[in-house]
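Enquirer: Take a look at the following structure, please.
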Amino acid sequence: MAIFDDVVVNAKSAAAAVSKKAGAFYDLSKLRISCAGLRGELTKKYQALGESVFNNDPAETIDVLKDEIADLKQDIADIERTIAASSNTVFCPKCGEKLSKSARYCSTCGARVVKNEEPVAEEAPASESAPETASEETAE
Ligand SMILES: [Zn+2]
Numbered sequence: 014m015a016i017f018d019d020v021v022v023n024a025k026s027a028a029a030a031v032s033k034k035a036g037a038f039y040d041l042s043k044l045r046i047s048c049a050g051l052r053g054e055l056t057k058k059y060q061a062l063g064e065s066v067f068n069n070d071p072a073e074t075i076d077v078l079k080d081e082i083a084d085l086k087q088d089i090a091d092i093e094r095t096i097a098a099s100s101n102t103v104f105c106p107k108c109g110e111k112l113s114k115s116a117r118y119c120s121t122c123g124a125r126v127v128k129n130e131e132p133v134a135e136e137a138p139a140s141e142s143a144p145e146t147a148s149e150e151t152a153e
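Count along the sequence shown starting at 1, add 13, and that's the number in this note's numbering.
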């Protein structure tokens with residue numbers, strides 16, 4: 014568990030650092046390792062959620078797990094988008110399939126591919142409350 018926790022923390026700080034330095038060159042292999050760690054953590058959370066549901070745990074317990082899963086998925090999506098932006102690939106938001114950057118729909122599951130420049134619906138309010146990056150972009 015402790016190892017996974019470390020990986021999650023590292024991946025989160027890596028993603029945070031990356032989102033602050035958009036346009037710079039990143040250590041892609043590091044991000045990929047972070048992403049793999051987060052995926053492992055996500056699998057464990059799903060397992061824990063399944064157990065909680067099976068055990069009829071209180072709703073708060075299940076809600077906490079759901080929040081953690083949502084956070085992990087968001088973090089994974091952030092890292093994947095960063096990786097994709099630095100390489101010539103994008104990842105399907107639904108099934109995670111690796112797709113060409115020009116792909117508009119996933120060739121595996123048919124989901125619409127959200128492009129880097131298009132804000133994800135859930136993220137939209139959060140990005141508005143972060144004026145530091147916005148002012149940087151509009152400065153010139
Ligand atoms: Zn897909």
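By construction, the Cβ of each residue, glycine as well, lies at the ideal position given by its N, Cα and C atoms.
Specify the secondary structure class of threonine 102 as computed by DSSP and reduced to three states.
Expert: On the sequence shown, position 89 is the one that residue 102 refers to. In this structure, threonine 102 counts as strand in the three-state DSSP scheme.
Enquirer: Anything with a beta carbon under 6 Å from a heavy atom of ligand 1 counts; list them all in chain order.
Expert: Qualifying residues come out as Cys105, Lys107, Cys108, Glu110, Cys119, Thr121, Cys122 and Ala124.
Enquirer: Could you tell me the boundaries of the alpha helix (DSSP H) in which serine 42 lies?
Expert: For the purposes of this step, residue 42 is identified with residue 29 of the sequence shown, where counting begins at 1. Start and end: 41-67.
Enquirer: So, does the segment 41-56 touch the segment 84-93, judging by three or more C-beta pairs under 8 Å?
Expert: Taking 8 Å as the limit for Cβ pairs, the verdict is that the segment 84-93 does touch the segment 41-56.
Enquirer: Please report the distance separating the alpha-carbon of glycine 123 from that of glutamate 93.
Expert: Your numbering for residue 123 matches position 110 in the sequence shown. Your numbering for residue 93 matches position 80 in the sequence shown. So the alpha carbons of these two residues sit roughly 19 Å apart.
Enquirer: Just the Cα atoms here: how many angstroms apart are serine 42 and aspartate 80?
Expert: What you label residue 42 is simply residue 29 of the sequence shown in a count that begins at 1. What you label residue 80 is simply residue 67 of the sequence shown in a count that begins at 1. Roughly 28 Å separates the two Cα atoms.
Enquirer: Give me the residue from Asp40, Arg125 and Ala72 with the minimum Cα distance to alanine 116.
Expert: For the purposes of this step, residue 116 is taken as residue 103 along the sequence shown, with counting starting at 1. Alanine 116 has its Cα closest to that of Arg125, out of Asp40, Arg125 and Ala72.
Enquirer: Considering only the alpha carbon of each residue, which of Ser99, Thr121, Leu78 and Leu62 lies closest to cysteine 105?
Expert: One-based indexing of the sequence shown puts residue 105 at position 92. For the residues Ser99, Thr121, Leu78 and Leu62, the minimum Cα distance to cysteine 105 belongs to Thr121.
Enquirer: Whole angstroms is fine: what's the gap from lysine 58's alpha carbon to leucine 78's?
Expert: The sequence position of residue 58 within the sequence shown is 45, counting from 1. The sequence position of residue 78 within the sequence shown is 65, counting from 1. Rounded to whole angstroms, lysine 58 to leucine 78 spans 7 Å at the Cα level.
Enquirer: What three-state label does DSSP hand arginine 125 in the structure shown?
Expert: Taking the sequence shown and counting its residues from 1, one reaches residue 125 at position 112. In this structure, arginine 125 counts as strand in the three-state DSSP scheme.
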